[in-house]
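Report on the structure given below.
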Amino acid sequence: MAKIYFIDVTNRDGVQTARLGLSKLEKTMINIYLNEMGIFQSEFGFPTTKHEQYYLQANLELADMGVLQPIRLGGWIRAIVEDVEKAFELVPNIKHLNLSISTSDQMIQGKFLGKKSRKDIVKMMVDAVEAARGHGAESIGVNAEDASRTDTDFLIEFALAAKEHGADRFRYCDTLGYDNPFTIYESAKTLAKHVGMPIELHCHGDLGMAVANSLAGAKGVIDGGQDAYINTTVNGIGERAGNADLIATALAATKSKGFAGKYQLATPLDLKKAWKISRFASYAFKVPIPINQPGVGANAFAHSSGIHADGVLKDPQNYELYSFDELGRGEPELVETGREICSGEYGGVSGFRHIMGRMEVTFDDPKQAEEILELVRYANVEAQKPLVEDELLFIAKCPKIAKKLLTLIPEE
Ligand SMILES: [Zn+2]
């Protein structure tokens, strides 16, 4: 039986969201946490965007060093030859790409304003796939933007053309969150059967069904005989109402009635990392986790009403579908309530030594401390908030990589 994989797109859909963003170091930490969780792939950015090039290159170096292994790092570009050329120019070592183009009549008409036909769309995509293959891309996903508003026959034609020219996966994008579990199941199953290649499900929450649609879509793909790749973001952060939340989708795939046990993940996810990644993303995006968020919300394991409290005390399974410790919750957390020394873009060596000393990090000589501190200052310029311990430890451990990913050169 075919399996389910997770492709997290926080560092692409999440960071392109209005009002929200992550520093290059925060994106790197997200990639590291996703890797620790066992996520198959992180869509780690835009290789045609100049200010991302050093971040992307640095993260590919982390992959070579074994720090970001076994996770795959995939870039997102438009399915046009120019983007493929630019991607390999700015990020020569990029290995995995998703190429995206609109397929619905609404978008073909509404965006290309009568200048492109369906045939042109297929041709642009095919040329881009061949260019990416020519540059040695190891895996290529082809995205049908607005797939849920695209005629199924055309989607099949489009996906078959992608497959024939060397694409490895087809991404079904419910770009506007238009599908429901019933429709996406049918579409996904039909596509899997007729196209015969692995299918990604990219779902949005405009109608509040991103997680449900991801699960139903995955079921459709697997029932159609192919592997399913679910796109998620941490805390569901994404365009407009957001994407399928990583933790909620992972819980749904592994705990829900009639699905868990029958439909299997390709590799197990370490959900014990859920609490950490969700909290970090909340801090980094400056977006609080909703009190009722599945698994990681403050109320996810809270009980006050008499019948519920009594029931859960007698046997947690009376009122809890899964346990808090499965998600890495339950450890006491230290919150400073008195004097605090934190990192900042104008920090000095004394405060820095104090912060690092708390984590039992010492330096060989004053020069080394000054070098790390300088990088911490630059990281703070981007983050505009104190760095967390893992970020400081990362800089201390991989200063060369940190220096690279913090590099922004708009002048050149
Ligand atoms: Zn999206």
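The letter at position 292 of the sequence shown is residue 426 when you use this note's numbering, and the numbering goes up by one with no holes.
Quick reminder that beta carbons are idealized off the backbone N, C-alpha and C, glycines included.
With C-beta atoms as the reference, is residue i less than 8 Å away from residue j?
{"i": "Leu526", "j": "Val515", "result": "no"}
{"i": "Phe174", "j": "Ile141", "result": "yes"}
{"i": "Asn365", "j": "Ala378", "result": "yes"}
{"i": "Phe458", "j": "Phe435", "result": "yes"}
{"i": "Leu289", "j": "Ala281", "result": "yes"}
{"i": "Gly275", "j": "Arg303", "result": "yes"}
{"i": "His299", "j": "Val263", "result": "yes"}
{"i": "Gln360", "j": "Ala326", "result": "yes"}
{"i": "Phe178", "j": "Leu159", "result": "no"}
{"i": "Ser348", "j": "Thr383", "result": "yes"}
{"i": "Gln191", "j": "Val225", "result": "yes"}
{"i": "Ala293", "j": "Val218", "result": "no"}
{"i": "Ser234", "j": "Asn277", "result": "yes"}
{"i": "Phe528", "j": "Met163", "result": "yes"}
{"i": "Leu521", "j": "His185", "result": "no"}
{"i": "Lys406", "j": "Glu460", "result": "yes"}
{"i": "Ala566", "j": "His338", "result": "The question about residue 566 has no answer here: the residues shown for the chain are numbered 135 through 546."}
{"i": "Ala415", "j": "Ser157", "result": "no"}
{"i": "Glu291", "j": "Ser236", "result": "no"}
Any C-beta of chain B sitting closer than 8 Å to the C-beta of residue i?
{"i": "Lys537", "result": "Given the protein chain composition of this structure (a single chain), no chain B is represented."}
Between residue i and residue j, what straight-line distance do the alpha-carbon atoms span, to the nearest angstrom?
{"i": "Val256", "j": "Gly268", "result": "18 Å"}
{"i": "Ile423", "j": "Gly376", "result": "13 Å"}
{"i": "Ile425", "j": "Asn433", "result": "6 Å"}
{"i": "Glu320", "j": "Gly354", "result": "6 Å"}
{"i": "Ala301", "j": "Ser176", "result": "18 Å"}
{"i": "Phe419", "j": "Thr151", "result": "11 Å"}
{"i": "Arg463", "j": "Thr182", "result": "39 Å"}
{"i": "Ser438", "j": "Ala408", "result": "24 Å"}
{"i": "Ala213", "j": "Lys323", "result": "25 Å"}
{"i": "Pro332", "j": "Arg374", "result": "27 Å"}
{"i": "Phe497", "j": "Tyr480", "result": "20 Å"}
{"i": "Gly297", "j": "Val329", "result": "Residue identity differs from the one stated: residue 297 is Lys in this sequence, not Gly. So the two alpha carbons sit approximately 8 Å from each other."}
{"i": "Gly358", "j": "Met259", "result": "24 Å"}
{"i": "Lys450", "j": "Ala443", "result": "The amino acid at residue 450 is misidentified as Lys; the sequence shows Pro. Roughly 9 Å separates the two Cα atoms."}
{"i": "Lys245", "j": "Tyr397", "result": "38 Å"}
{"i": "Gly370", "j": "Lys501", "result": "42 Å"}
{"i": "Cys307", "j": "Val495", "result": "45 Å"}
{"i": "Tyr139", "j": "Trp210", "result": "18 Å"}
{"i": "Tyr167", "j": "Ala513", "result": "18 Å"}
{"i": "Ser238", "j": "Thr144", "result": "25 Å"}
{"i": "Ile205", "j": "Gln240", "result": "36 Å"}
{"i": "Glu504", "j": "Lys161", "result": "24 Å"}
{"i": "Thr388", "j": "Asn452", "result": "19 Å"}
{"i": "Val149", "j": "His336", "result": "16 Å"}
{"i": "Asp499", "j": "Val215", "result": "50 Å"}
{"i": "Ile475", "j": "Ala400", "result": "44 Å"}
{"i": "Ile318", "j": "Asp147", "result": "20 Å"}
{"i": "Gly248", "j": "Thr286", "result": "21 Å"}
{"i": "Ala530", "j": "Ser484", "result": "16 Å"}
{"i": "Pro315", "j": "Ala362", "result": "15 Å"}
{"i": "Val201", "j": "Asp404", "result": "17 Å"}
{"i": "Lys250", "j": "Lys537", "result": "44 Å"}
Which one of the options has the shortest CA to CA distance from residue i?
{"i": "Ile228", "options": "Val495, Gln502, Val355 and Tyr188", "result": "Tyr188"}
{"i": "Thr309", "options": "Gly248, Gly372 and Ile441", "result": "Gly372"}
{"i": "Ile506", "options": "Lys519, Glu474, Gln518 and Leu540", "result": "Leu540"}
{"i": "Met199", "options": "Cys532, Val469, Asp261 and Arg473", "result": "Cys532"}
{"i": "Val421", "options": "Gly155, Asp147 and Val143", "result": "Gly155"}
{"i": "Gln243", "options": "Val260, Val215, Arg283 and Leu190", "result": "Arg283"}
{"i": "Arg473", "options": "Ala443, Glu467, Ile489 and Leu461", "result": "Ile489"}
{"i": "Val368", "options": "Asp357, Tyr417 and Gln398", "result": "Tyr417"}
{"i": "Lys534", "options": "Met135, Asn193 and Tyr456", "result": "Asn193"}
{"i": "Pro466", "options": "Lys410, Asn277 and Cys476", "result": "Lys410"}
{"i": "Pro402", "options": "Ile164, Val149, Gly148 and Met171", "result": "Met171"}
{"i": "Leu341", "options": "Gln502, Asn452, Lys389 and Gly311", "result": "Gly311"}
{"i": "Phe393", "options": "Ala350, Val469 and Phe414", "result": "Ala350"}
{"i": "Lys391", "options": "Tyr456, Ser484 and Ser157", "result": "Tyr456"}
{"i": "Pro428", "options": "Leu468, Thr471 and Leu380", "result": "Leu380"}
{"i": "Arg492", "options": "Ser273, Glu523 and Val483", "result": "Glu523"}
{"i": "Ser273", "options": "Glu291, Arg305, Glu545 and Pro544", "result": "Arg305"}
{"i": "Asn165", "options": "Cys476, Leu196 and Ala362", "result": "Leu196"}
{"i": "Glu334", "options": "Asn314, Ile356 and Phe316", "result": "Ile356"}
{"i": "Gly270", "options": "Glu545, Val201 and Glu223", "result": "Glu223"}
Uninterrupted alpha helix (DSSP H) stretches inside the stretch 197-250 (no shorter than 4 residues): 215-224 and 239-246
Note down, one range per segment and in chain order, each alpha helix (DSSP H) of at least 4 residues found wholly within the stretch 392-456. 408-419 and 440-448
Secondary structure, beta strand (DSSP E): runs of 3+ residues fully inside the stretch 346-370: Within the stretch 346-370, complete beta strand (DSSP E) segments of at least 3 residues are found at 362-366, given in chain order.
Segments assigned alpha helix (DSSP H), at least 4 residues, entirely inside the stretch 263-345: Correct list: 286-298 and 315-329.
Completely contained alpha helix (DSSP H) runs for the stretch 465-511, where each covers 4 or more residues: Listed in chain order, the complete alpha helix (DSSP H) runs (minimum 4 residues) inside the stretch 465-511 are 483-492.
So within the stretch 139-200, which uninterrupted beta strand (DSSP E) runs reach at least 3 residues, ignoring any that extend past its ends? 175-179
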